[in-house]
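Right, one structure below, let's go through it.
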Amino acid sequence: MADFSKVIAERNSVRKYSEKEVPCEVVKALVEAGLQAPTATNRQEIHITVVKRDNPVQKEIQQDLNPDATTSFFYDAPITLYLSGEEAFKWSPVDAGIAVENIHLAAQAMGLGSVILGCMEKILNGEKKAEYAKKLCFPDGYRYQIAIAFGYAEATKEPHKTDFDTHVSIL
Ligand SMILES: Cc1cc2nc3c(=O)[nH]c(=O)nc-3n(C[C@H](O)[C@H](O)[C@H](O)COP(=O)(O)O)c2cc1C
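In terms of this note's numbering, the sequence shown has -4 at position 13, counting the first letter as 1, and numbering is strictly consecutive.
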């Protein structure tokens, strides 16, 4: 397991994956990293749906997002996790954001790459919302929050530069 500050410093969004499948125990460890995230009032409401690359639901989302797209919105990653949260709980978007970052960092620490995916929001929470909620096994009263695709990176990029002076105020 890599040193934590190194994991944070080297993390980047991966958009090219090798064909290599991710072993079940690694998928499970990453899902567990999401479930271990803190949640408001310790509600632990975030639900995670594990979807493999060739599942038809991925093709349907891809089509609904843009039938003319020539590249995959999932970057052909072997696994995508869909995080859903309680529609009526105001902290679910924040809880899902924390959980997905836990998974993103855990993937980096375990030698995988990942990319957080918000792009399907308008599809999964749009007019086919109920249909997709069923297909993705969201619990009743839940809505899509965020997704993350992961696998073994075929290409990585330099971590983005930060600008402390612009983004930080010290009182
Ligand atoms: C909430 C959120 C939604 C995102 N949605 C997408 C997405 O749909 N597709 C994508 O390629 N990257 C997506 N990203 C990744 C960002 O584009 C990426 O974090 C940003 O460009 C900075 O690059 P880095 O992560 O390599 O530092 C998303 C990131 C976040 C935090």
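Using N, Cα and C, we set each Cβ at its ideal position, and we do this for glycine too.
Bear in mind the structure is a predicted one, so any value in this text is a computation, not a measurement.
Neighbour-count burial assignment, residue i, 16 or more Cβ in a 10 Å radius
{"i": "VAL5", "result": "buried"}
{"i": "ILE(-9)", "result": "exposed"}
{"i": "PRO21", "result": "exposed"}
{"i": "ALA16", "result": "buried"}
{"i": "GLU110", "result": "exposed"}
{"i": "LEU154", "result": "exposed"}
Residue from the options whose Cα sits closest to the Cα of residue i
{"i": "LYS118", "options": "PRO39, ILE29, ASN(-5), ALA90", "result": "PRO39"}
{"i": "LYS32", "options": "GLU84, GLN45, PRO76, ALA116", "result": "Sequence inspection shows Thr at residue 32; the Lys mentioned does not correspond to that position. The shortest C-alpha separation from THR32 is found at ALA116."}
{"i": "ILE106", "options": "ALA90, LYS35, ILE153, ALA130", "result": "ALA130"}
Other residues of its chain near residue i: CB distance less than 6 Å, five sequence neighbours each side excluded
{"i": "VAL14", "result": "ILE31"}
{"i": "ILE86", "result": "LEU13, ALA16, GLY17, ILE131"}
* **Every unbroken beta strand (DSSP E) within the stretch 1 to 42, with a cutoff of 3 residues, ordered by chain** => 30 to 35
* To do: Decide yes or no for the touch test of the stretch 119 to 127 against the stretch 68 to 75: beta carbon pairs closer than 8 Å, at least 3 of them.
  => yes
* To do: Count the C-beta pairs between the stretch -5 to 2 and the stretch 133 to 149 that are closer than 8 Å, then say yes if the count reaches three, no if not.
  => yes
* Asked: Should the stretch 97 to 108 be regarded as contacting the stretch 51 to 60, the criterion being three or more beta carbon pairs within less than 8 Å?
  -> yes
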